[in-house]
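Those sequence lines, one after another, are chains U and X.
The numbers in the first sequence follow the numbering used here, run straight up by one, and end at 358.
The numbers in the second sequence follow the numbering used here, run straight up by one, and end at 617.
Reviewing the structure listed below.
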Amino acid sequence: MANSELGVGGLKYDPSRRTWPPEINVLMALVLIVAAFEILGRLLMGESFLFNTREGVPGLFNEQRLQIIILQVSIVGIIAIGVTQVIISGGIDLSSGSVVGATAMIAMSFAQVAMVNGNPNPKAVFPEQGWLDLPVFIPVLVGIGCGVIAGLINGSLIAYTRIPPFIATLGMMVAARGLSRWWSKGTPISFPTESYTAIGKGMMPVLIFIALAILFQLILTYTKYGKHCYAIGSNEEAARTTGIKVEHHKVLVYVIAGILASVAAIVLSSRNLTAQAGMGVMYELDAIAMAVIGGVSLSGGRGSIVGTVLGALIFGVIISGFTFLKLDAYYQEMVKGVIIVGAVVLDQWRQRRRSMRG
Amino acid sequence: MSSSAEIILKTEGLTKHYGGVHALEGANFELRKGEHVAIMGDNGAGKSTFVRQITGVEVPTRGKIVFDGREVNFTSPLDAREAGIEAVFQNLALADDLDVPSNLFLGREKIKFNLGPFSILDRKAMREATRKALEKTAVKIPNLSNTIRHMSGGQRQCVAIARTATFTSKLIIMDEPTAALGVAETAQVENIIRTIKQNGEPLILISHNMRQVFDLVDRIVVFRRGRVAANLKKSETTGEEVVAYITGAKTDPGLDNAA
């Protein structure tokens with residue numbers, strides 16, 4: 001009873017030992033990685049990674065590289081936003097990459113033009129029905145509908161049959177990939193309308209990513225939905241006892257993850273001007289990696305969209321940095337694997353240290 | 359006993375079977391307004407099972423629960439809460455990664471702007487109410503925005519108890535609130551219980567601590583092997599007698615549990 005004079009629970013509060021938000025650590029890691037590439041670049045390539053060194057081009061930074069980095073990560077980043085809220089609420093979603101594939105195929109087949117260079121569209125999926133030259137909202141709504149259905153199936157399986165999220169979404173991963181192959185019997189679907197291609201043009205994917213990131217950061221911080229995500233991920237039994245409708249909430253979480261995967265699919269197929277059955281392979285793992293690198297705990301209850309966005313940037317910087325250093329693509333894959341495992345190890349270590357401190 | 363208008367909670371033949379296990383068998387129980395009752399009994403005697411039935415965590419196999427003058431059939435803890443029963447469970451039902459106000463209002467957050475599931479939280483009001491609730495219970499928490507994870511057992515217990523004090527309730531139930539606490543922390547929880555008594559709010563206390571029970575409550579109900587074994591006024595019994603009922607050395611022929 002060293003501090004009994006303070007009363008029970010009246011322990012002195014030492015603000016200097018206040019833990020700063022984990023996002024700061026992620027930001028520092030990002031800065032360090034950029035600095036490492038900057039130094040390596042100057043040493044090995046005689047070139048700057050971050051700054052503009054070209055004669056006659058205005059601007060402090062190498063804007064082209066920065067644009068490529070953020071463009072590269074923004075489409076998977078959109079998926080990672082959905083995955084983040086799934087992981088925070090104690091689940092996992094392995095199906096998002098396949099949902100991207102299936103959604104891209106299905107949405108694209110409602111976004112095709114009737115005539116290509118004066119001839120009827122040779123790739124048209126629904127020529128007899130005349131579903132060509134449709135207004136842009138139809139493929140977008142169809143695409144989002146695909147995401148909703150995938151999410152409803154995932155969420156209902158997890159919430160009501162109580163099978164582990166890993167298994168339910170693994171099943172969806174395989175099934176949705178099958179659907180995307182079956183849809184056009186493997187042939188790519190192309191020739192979208194101009195209004196559909198506008199969705200993913202230029203820096204549009206980045207804008208959509210940033211807008212969604214801000215929206216979901218606000219939702220997770222300021223709404224009942226967000227609070228319940230953290231509560232369920234932190235202690236599902238407590239959430240149930242206090243009257244949170246855990247099952248409803250879980251279904252909603254997976255539906256939102258499905259919607260975000262389908263948004264990514266629409267942006268991706270629009271940007272590529274075509275949809276293929278193999279689209280989005282491994283995206284689910286990249287998205288999970290972004291979240292985990294960004295400090296989202298795989299055991300649930302902790303993390304934020306801000307962290308995931310920073311995690312996505314780290315991801316992009318590393319890939320772009322490897323290209324910049326002219327290293328083989330094979331190395332990229334291997335290093336990506338190391339980073340994913342490293343981030344999880346770091347998370348485990350953080351948790352152990354936390355529980356030791358009590 | 360007394361007129362039924364005074365009775366806040368009454369169970370008749372409350373029974374719960376888990377498969378072949380008869381965890382609770384025909385429990386008849388009465389609690390009057392303002393009364394504090396202790397439920398005692400050995401491990402597995404049916405105490406916690408009894409609490410789980412009247413708080414809506416589980417649905418009883420058989421039997422009747424009358425709360426505040428009408429028969430109730432709770433199907434979820436939220437039903438019981440909305441009816442006015444607040445419970446502190448043995449596992450506390452706290453979310454470690456949330457701060458104190460979020461835990462206090464878990465499942466019934468104050469809303470600033472209603473958008474269904476995406477309703478905007480009124481964080482300021484919840485913080486303010488939390489501060490008031492903690493003052494009412496004399497609980498000191500250094501920093502409300504800290505997550506529960508970093509707090510001591512006593513502080514966590516106090517947060518769980520403050521949760522019951524935040525909402526106007528007709529009945530408070532505490533399941534072994536001091537089981538994991540130190541001496542000073544136990545004293546503080548007991549003080550909170552005395553405050554509840556002064557406010558005239560009825561309470562059911564589950565406890566193994568004989569000293570505590572004799573200090574705090576008006577009446578002691580002993581459970582044994584899923585049945586109510588004794589119903590004793592504190593002023594008319596002794597610790598030895600209670601222990602005898604708990605261990606089964608003594609039985610009450612007046613209590614008909616065959617129902």
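Every residue, glycine too, gets a C-beta built ideally from N, C-alpha and C.
- In this structure the segment 498-512 of chain X touches the segment 454-463 of chain X; the number of beta carbon pairs closer than 8 Å is three or more.
- Under DSSP, residue 399 of chain X takes part in a beta bridge, and its partners are X:581.
- Here the C-alpha atom of residue 62 of chain U lies approximately 24 Å from the C-alpha atom of residue 331 of chain U.
- A Cβ-Cβ contact shorter than 9 Å links residue 370 of chain X with residue 422 of chain X.
- Inclusion of residue 473 of chain X and residue 485 of chain X in the CB contact set at 9 Å is not warranted, their separation being larger than that value.
- With respect to the 9 Å criterion, residue 560 of chain X and residue 604 of chain X are not classified as neighbours on the basis of their beta carbons.
- Ranked by Cα distance from residue 21 of chain U, the options U:348, U:304 and U:278 are led by U:304.
- Remark: C-beta atoms of residue 45 of chain U and residue 324 of chain U approach each other more closely than 9 Å.
- Look at residue 195 of chain U here: in three-state DSSP terms it is helix.
- Against chain X, the beta carbon of residue 156 of chain U has no neighbour under 9 Å; the closest one sits roughly 17 Å away.
- Straight-line spacing of the CA atoms in residue 581 of chain X and residue 610 of chain X works out to 12 Å.
- Judged by DSSP in its simplified three-state form, residue 375 of chain X adopts strand.
- Ranked by how close their Cα comes to the Cα of residue 432 of chain X, the residues X:393, X:368 and X:418 have X:418 in first place.
- Any Cβ of chain U closer than 9 Å to the Cβ of residue 477 of chain X would place that residue at the interface, and such an atom is present.
- Here residue 261 of chain U is not near residue 48 of chain U, since their CB atoms are 9 Å or more apart.
- The residues 123, 273 and 274, in chain order, have a CB closer than 7 Å to that of residue 190 of chain U in the same chain once the five nearest residues on each side in sequence are set aside.
- Contact between residue 50 of chain U and residue 34 of chain U holds: their C-beta atoms lie close to 6 Å from each other, under 8 Å.
- Contact between the segment 282-300 of chain U and the segment 118-134 of chain U is absent: fewer than three C-beta pairs spanning the two stretches fall below 8 Å.
- Interface residue (Cβ-Cβ distance to chain X less than 9 Å): residue 234 of chain U is classified as such.
- In the DSSP assignment, residue 143 of chain U falls within the alpha helix (DSSP H) that extends over 137-160.
- Residues of chain X with a Cβ closer than 8 Å to the Cβ of residue 302 of chain U are, in chain order, 455.
- With 16 or more neighbouring CB atoms inside 10 Å of its own CB, residue 112 of chain U falls in the buried class.
- Per DSSP, the continuous beta strand (DSSP E) segment holding residue 533 of chain X begins and ends at 529-533.
- Listed by position along chain U, the residues whose Cβ is nearer than 8 Å to that of residue 370 of chain X form an empty set, because the closest Cβ is around 26 Å away.
- Residue 103 of chain U and residue 109 of chain U have their alpha carbons spaced roughly 10 Å apart.
- Ranked by Cα distance from residue 318 of chain U, the first of U:335, U:328 and U:307 is U:335.
- Distances from the CA of residue 198 of chain U to each of U:166, U:135 and U:117 were compared; the closest alpha carbon is that of U:135.
- With fewer than 16 other Cβ atoms inside 10 Å of its own Cβ, residue 43 of chain U counts as exposed.
- Residue 522 of chain X is positioned such that its CB atom lies no closer than 9 Å to that of residue 424 of chain X.
- When secondary structure is reduced to three states using DSSP, residue 461 of chain X falls in the helix class.
- Checking the DSSP bridge columns, you'll see residue 430 of chain X partnered with X:423.
- Burial check for residue 167 of chain U: the Cβ neighbour count within 10 Å stays below 16, so the residue is exposed.
- The DSSP-derived three-state label of residue 447 of chain X is coil.
- Think of a sphere of 7 Å around the beta carbon of residue 227 of chain U: the chain X residues whose beta carbon falls inside it are 460, 467 and 479, in chain order.
- Judged by DSSP in its simplified three-state form, residue 113 of chain U adopts coil rather than helix or strand.
- One thing to note: residue 439 of chain X has its Cβ within 9 Å of the Cβ of residue 466 of chain X.
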